[in-house]
Amino acid sequence: MPSTNPIAPSFLAFGWFLALSPGGAAWADVPYEVTFAPTGDRVLDAALEEASQLSSLADRTPDSDAALRSRAADDRDRLNAVARAYGYYDDLVEIAIDPKAKPVKVTVVVTPGPQYLLASVTVVGANGKALPAGSPLI
Numbered sequence: 029m030p031s032t033n034p035i036a037p038s039f040l041a042f043g044w045f046l047a048l049s050p051g052g053a054a055w056a057d058v059p060y061e062v063t064f065a066p067t068g069d070r071v072l073d074a075a076l077e078e079a080s081q082l083s084s085l086a087d088r089t090p091d092s093d094a095a096l097r098s099r100a101a102d103d104r105d106r107l108n109a110v111a112r113a114y115g116y117y118d119d120l121v122e123i124a125i126d127p128k129a130k131p132v133k134v135t136v137v138v139t140p141g142p143q144y145l146l147a148s149v150t151v152v153g154a155n156g157k158a159l160p161a162g163s164p165l166i
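For what it's worth, the working numbering labels the leading residue of the sequence shown as 29, then goes sequentially.
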């Protein structure tokens with residue numbers, strides 16, 4: 029026997045209204061602008077911006093504030109790895125998000141600290157003596 033509940037059709041209509049309304053998740057994108065503060069090392073600056081998902085995915089806006097924060101958190105590790113690749117092992121990565129600005133403002137500041145460079149490398153053979161530069165290692 030079919031239900032004759034008069035409320036059921038109104039719930040169905042309300043569900044269709046919610047599904048088709050423009051206020052759904054597809055319209056909840058969070059546009060943002062990202063700015064990188066200069067580190068003082070132009071090569072490092074270029075590498076940081078190139079490695080950043082905040083920068084490379086800026087044209088694909090995240091669908092929520094949480095997704096933007098997740099993208100920033102992923103960048104923190106990625107930018108730290110880039111700084112280390114350039115010899116900056118004491119770097120500090122700070123990412124500030126101003127959600128009240130329209131579009132949302134994201135500021136990335138990487139403080140590299142001192143750069144660690146190898147002055148020289150000496151390869152010692154099995155006999156304890158340094159191998160001359162250019163010697164085959166096998």
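The beta carbon of each residue, even a glycine, is placed where N, CA and C say it ideally should be.
Fair warning: this is a prediction, and the values are worked out from it, not measured in the lab.
What alpha helix (DSSP H) runs, 4 residues minimum, are completely inside the segment 92-148? For the segment 92-148, whole alpha helix (DSSP H) runs of length 4 or above, ordered along the chain, are 93-113.
Look at the alpha carbon of residue 122 and the alpha carbon of residue 76, and state the distance between them as a whole number of angstroms. Roughly 13 Å between the two C-alpha positions.
Since residue 65 and residue 137 are thought to touch, with beta carbons under 8 Å apart, how far apart are those beta carbons, to the nearest angstrom? So it is a contact: roughly 4 Å between Cβ atoms.
I'd like to know whether the C-beta atoms of residue 110 and residue 82 end up nearer to each other than 8 Å. The answer is no: Cβ separation not under 8 Å.
Using beta-carbon positions only, say whether residue 89 and residue 120 come within less than 8 Å of one another. For residue 89 and residue 120, no; Cβs fall outside 8 Å.
Opposing strand residues paired with residue 158 [DSSP bridges]: Its beta-bridge partners are 152.
Roughly how many whole angstroms lie between the Cα atoms of residue 79 and residue 72? A straight-line Cα-Cα distance of about 10 Å links residue 79 and residue 72.
If you measure between the beta carbons of residue 125 and residue 96, is that distance less than 8 Å? Their beta carbons are under 8 Å apart, which means residue 125 touches residue 96 by this criterion.
Terminal residues of the continuous alpha helix (DSSP H) containing residue 71? First-last of the alpha helix (DSSP H) with residue 71: 70-79.
Return the first residue and the last residue of the beta strand (DSSP E) that residue 63 is part of. Residues 60-64.
Quick check on residue 85: does DSSP put it in helix, strand or coil? Coil at residue 85, not helix or strand.
Please name the residue in 101, 58, 103, 114 whose C-alpha comes closest to that of residue 70. Nearest of 101, 58, 103, 114 to residue 70, Cα basis: 114.
Look at the alpha carbon of residue 117 and the alpha carbon of residue 103, and state the distance between them as a whole number of angstroms. For residue 117 and residue 103, the gap between their C-alpha atoms comes out near 17 Å.
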